[in-house]
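Under the numbering used here, the first residue of the sequence shown carries the number -8, and numbering increases by one thereafter.
One structure is given here, and the rest of the page talks about it.
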Amino acid sequence: MLRCGVARTERTAAVVLRSVAYGESDRILTLLTEAHGKLAVMARGARKSTRRFGGALEPYALIEADCALGRGELGRLAEARLVRAFPGVLADLTRMSVAAAGLELVREVLPDRETPDPRLLPTVIRFFELSERLGTDALRFAFALRVLNIAGLSPNLASCGRCGVEAPEGRAALFDPGLGAIVCRSCGGGPFKIGGRLRTSLAHASTGRWEHVAEEDWLETDRAAAQRVLDAFLERHLGRRLAGGDVLSQVREVRRSYDRSVEE
């Protein structure tokens, strides 16, 4: 049985990272909050009550949440109000899939109830803004690198993870996902090659320049290489493969098939 350790109620800005139906009328929500980082809360009656929650529990929105937190594993969501919606995300399946992949990453890399980095929630909101018009891998990869940087998990793309020698800017490098760093040839290299242009883009995405990287036009070869590198890195450090990228690939394949059928 899930227990909600209830104490004082606090109001905080938040976004819904995941929503799971529980029982006949409740929901268990994973929230990214401004005050407490990632939280799991029970929203009792959420599937029936429009007065306390309205449309505030939908994904891809900024909300104001009244959370009662105690010592138990699960808090309680007393009430929530919609602050800002991002309807452009929901208007396109590809954009929605990119946004879903981004939230999956946030949910998986963050520990529960840890003092949040104040940069994270604004970064997620900016990600929603960009997702209203961009359904690209450039956005997904740029956001992922930025989130990993904020969470202290950013891969080292600047210098050899073994000897520390810096890689020349704009030069291709070999990446070792287990080490989480590029490795020079003198130290044995790594299984994944990252081209110079891609390495520069990924390095910039780790910083405050991630929005500019999200707007770039990526070559298919760079997109595929980034996918392989990030998949391998995240699988090694999270212990499992994230589903978001695979879902997005399926959505795009369905769209391509539809477009071909229309052309015929």
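We treat Cβ as the ideally placed atom computed from N, Cα and C, and that holds for glycine.
Item, Value
"Straight-line Cα distance separating Arg42 from Ala217", "45 Å"
"Entirely enclosed alpha helix (DSSP H) segments - the segment 78 to 130, minimum 4 residues", "78 to 81, 84 to 100 and 111 to 122"
"For Ala133, the three-state DSSP class (helix, strand or coil)", "helix"
"Contact check, Val100 vs Arg131, beta carbons under 9 Å", "no"
"Inter-residue spacing [alpha-carbon to alpha-carbon] between Ser192 and Leu210", "12 Å"
"Distance CB(Ile54)-CB(Leu48) smaller than 9 Å", "yes"
"Three-pair Cβ contact test at 8 Å for the segment 92 to 110 versus the segment 20 to 28", "yes"
"Coil, strand or helix - Asp222 by DSSP", "helix"
"Nearest candidate by alpha-carbon position, reference Ala92, set Ala142, Arg62 and Val80", "Val80"
"Pair within 9 Å by beta-carbon distance, Arg137 and Ala196", "yes"
"Of the listed residues Gly187, Arg190 and Gly171, nearest to Gly181 (C-alpha basis)", "Gly171"
"Contact belief for Arg295 with Val97 at Cβ below 8 Å, rounded distance in angstroms", "An answer regarding residue 295 cannot be provided, because it is not within the stretch -8 to 255 covered by the chain."
"Range covered by the beta strand (DSSP E) that runs through Ser10", "Thr0 to Tyr13"
"Residue from Thr0, Val74, Tyr13 and Glu15 whose Cα sits closest to the Cα of Val6", "Val74"
"Beta-carbon separation (whole angstroms), Cys175 vs Val156, contact threshold 8 Å", "6 Å"
"Local conformation of Glu202 per DSSP, three classes", "helix"
"Nearest-angstrom beta carbon gap, Ala163 and Gly179 [assumed within contact, 8 Å]", "About 16 Å separates the two Cβ atoms, so there is no contact after all."
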